[in-house]
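Shown next, in structure tokens, is the structure this report addresses.
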Amino acid sequence: MQDINIKITDRNGVTHDVVAPTDMAMNLMEVVRSYELAEEGTIGICGGMAMCASCQCYVNSEHDLPEMTDDEDAMLAEAFNVEDNSRLGCQIQITPEIDGLEVELAPES
17 MQDINIKITD RNGVTHDVVA PTDMAMNLME VVRSYELAEE GTIGICGGMA MCASCQCYVN
77 SEHDLPEMTD DEDAMLAEAF NVEDNSRLGC QIQITPEIDG LEVELAPES
């Protein structure tokens with residue numbers, strides 16, 4: 017079992033240093049929810065199926081993340097507040113390779 021460290025800046029601008037397990041098949045959206053870093057009902061509305069953009073985040077570190085899927089790309093094309101570094105948190109799996117990841121939650125649409 018290996019835990020990794022992630023810096024997550026919430027929608028109020030507060031940065032949280034969180035520890036996330038790599039052995040539970042979690043994604044970033046689930047980590048945000050488990051630490052209650054977004055108001056209940058405002059993140060992961062579709063349950064992590066890349067069908068809403070409530071878990072959109074801005075990746076602020078230089079991590080080599082898996083390539084964006086067509087579903088994620090299509091969802092971000094319809095989302096608000098999209099930036100060049102936008103990703104859906106539900107599509108970022110918690111793996112040892114993303115240790116030290118820094119993200120900021122996008123504003124609520």
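In terms of my numbering, the numbers along the sequence shown are unbroken and rise by one, the last being 125. Yeah, the Cβ is synthetic: ideal placement off N, Cα and C, and Gly gets one too. Note that the structure is predicted; figures quoted are calculated from it, not measured.
Minimum C-alpha distance to residue i - residue among the options
{"i": "Ala-36", "options": "Met-84, Glu-120 and Asp-115", "result": "Asp-115"}
{"i": "Pro-82", "options": "Glu-120, Glu-124, Ile-20 and Pro-112", "result": "Pro-112"}
{"i": "Asp-87", "options": "Cys-68, Glu-124 and Ser-50", "result": "Cys-68"}
{"i": "Ile-22", "options": "Ile-61, Leu-117, Ser-125 and Glu-124", "result": "Leu-117"}
{"i": "Asn-72", "options": "Arg-103, Ile-24, Glu-52 and Met-40", "result": "The sequence shown places Gln at residue 72, not Asn. When only C-alpha atoms are compared, the closest one is Arg-103."}
{"i": "Ala-54", "options": "Val-98, Thr-31 and Phe-96", "result": "Thr-31"}
{"i": "Val-98", "options": "Val-119, Asp-80 and Pro-123", "result": "Pro-123"}
{"i": "Asp-80", "options": "Met-65, Asn-101, Ile-61 and Ala-95", "result": "Asn-101"}
Buried or exposed (CB count within 10 angstroms, at least 16 for buried), residue i
{"i": "Glu-78", "result": "exposed"}
{"i": "Ser-70", "result": "buried"}
{"i": "Gly-57", "result": "exposed"}
{"i": "Met-40", "result": "exposed"}
{"i": "Ala-93", "result": "exposed"}
{"i": "Met-91", "result": "buried"}
Bridge partner(s) assigned by DSSP for residue i
{"i": "Tyr-74", "result": "Ser-102 and Glu-120"}
{"i": "Ile-22", "result": "Val-34"}
{"i": "Gln-109", "result": "Asn-43"}
Opening and closing residue of the alpha helix (DSSP H) in which residue i lies
{"i": "Val-47", "result": "44-50"}
{"i": "Ala-90", "result": "86-94"}
Taking three-plus beta-carbon pairs below 8 Å as touching, is the stretch 35-48 in contact with the stretch 107-114?
yes
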